[in-house]
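Asker: Just passing along the structure, written as structure tokens.
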Amino acid sequence: MLSLALEDGLREDSLAPVIPWMEAALQTEDRVRAAAERIADSNRAVVLGRGYHYCTANEIALKIKELSGVEAEPYSTADFKHGPIAMAEGGLPVILVSVGATFRGEMADLADLVRAQGARVVPLADELPGLQPADSWIPLPPGEPEWLTPLAAVIPGQLLAFHITRARGLDPDRPRHIRKVTLTH
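Okay, so the sequence shown: first residue is 123 according to our numbering, each after it adds one.
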């Protein structure tokens with residue numbers, strides 16, 4: 123957004139469509155809750171994103187760790203394929219953040235691969251070829267410019283952290299070992 127503002131001047135109307143997309147993302151809560159209940163028994167998970175959604179994957183993994191105590195590790199899909207993919211077995215929850223066309227094929231191929239290794243796939247996606255009935259698909263609103271998709275995609279991810287925490291019998295308003303806001307100067 124800063125680059126856009128410096129180059130062309132940021133116009134309010136370029137961000138106006140984000141509000142309905144964020145509202146649509148909030149409407150996924152029933153699907154999010156069902157996905158959380160399906161994976162809450164796991165003590166570890168991976169959250170995968172690429173491009174604009176590498177930061178989304180990091181935010182979701184952080185929230186899952188902070189609230190639920192699940193060891194959720196974020197990876198770029200490219201990095202994940204070069205070693206950490208060995209973890210994708212025995213029901214490991216693999217949360218795939220895939221919105222927009224740029225990495226859709228790569229994400230679908232990766233979903234097939236980890237699913238074949240026994241992982242539980244949780245796609246946060248506007249669409250994903252090859253979705254399986256066992257996947258806990260959390261649909262994200264389509265049609266958003268790809269560079270804006272993290273603003274809506276992070277919402278179901280944060281809700282996922284909340285509902286995993288609740289499903290594990292923990293209080294999301296009182297995360298373990300987090301007692302105050304850290305002030306920096």
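Ideal Cβ positions, reconstructed from N, Cα and C, are used throughout, including at glycine.
Output yes or no for whether 9 Å exceeds the beta carbon distance between LEU189 and PRO255.
Answerer: Here the question's residue 189 lines up with position 67 in the sequence shown. Here the question's residue 255 lines up with position 133 in the sequence shown. Going by C-beta atoms, LEU189 is not nearer than 9 Å to PRO255.
Asker: Could you tell me which uninterrupted beta strand (DSSP E) segments, each at least 3 residues in length, are contained entirely in the segment 189-239, listed from first to last along the chain?
Answerer: Within the segment 189-239, the complete beta strand (DSSP E) runs of at least 3 residues are 193-198 and 215-220.
Asker: Compare the C-alpha of GLN149 against each of ALA274, HIS307, ARG290 and ALA289 and name the closest.
Answerer: As a first step, residue 149 is located in the sequence shown; it is residue number 27 there, counting from the start. Of the candidates ALA274, HIS307, ARG290 and ALA289, the one whose C-alpha sits nearest the C-alpha of GLN149 is ALA274.
Asker: Report the three-state DSSP secondary structure of GLY171 (helix, strand or coil).
Answerer: If you number the sequence shown from 1, residue 171 lands on position 49. Strand, per DSSP.
Asker: Between the Cα of TYR197 and the Cα atoms of MET209, SER220 and GLY171, which residue gives the shortest distance?
Answerer: What you label residue 197 is simply residue 75 of the sequence shown in a count that begins at 1. Comparing Cα-Cα distances from TYR197 to each of MET209, SER220 and GLY171, the minimum goes to GLY171.
Asker: Can we say the segment 228-239 touches the segment 143-160, given the rule of at least three CB pairs closer than 8 Å?
Answerer: They do not touch, by the three-pair rule.
Asker: Could you give the residue range of the alpha helix (DSSP H) that holds PRO328?
Answerer: For residue 328 there is no data in the structure shown, the boundaries of the chain being 123 and 307.
Asker: Across which residues does DSSP place ALA247 in a beta bridge pair?
Answerer: What you label residue 247 is simply residue 125 of the sequence shown in a count that begins at 1. DSSP output for ALA247 lists SER220 and PRO261 as bridge partner(s).
Asker: Quick check on ASP163: buried or exposed, where buried means 16 or more other Cβ atoms within 10 Å of its Cβ?
Answerer: Counting from one through the sequence shown, the residue named residue 163 turns up at place 41. Answer is exposed; the Cβ neighbour count stays below 16.
Asker: Taking DSSP as the reference, what is the three-state secondary structure of ARG242?
Answerer: Taking the first residue of the sequence shown as 1, we reach residue 242 at position 120. Correct three-state label for ARG242: strand.
Asker: What first and last residue would you give for the alpha helix (DSSP H) that runs through GLU266?
Answerer: If you number the sequence shown from 1, residue 266 lands on position 144. No alpha helix (DSSP H) holds GLU266; DSSP gives it neither H nor E.
Asker: With a threshold of 9 Å between beta carbons, is LEU148 in contact with chain D?
Answerer: Protein chains in the displayed structure number just one, and chain D is not present.
Asker: To which residues of the same chain is GLU181 closer than 6 Å at the C-beta, ignoring the five residues directly before and after it?
Answerer: Here residue 181 refers to the residue found at position 59 of the sequence shown. For GLU181, where only same-chain residues beyond five positions count, the Cβ hits under 6 Å are VAL276.
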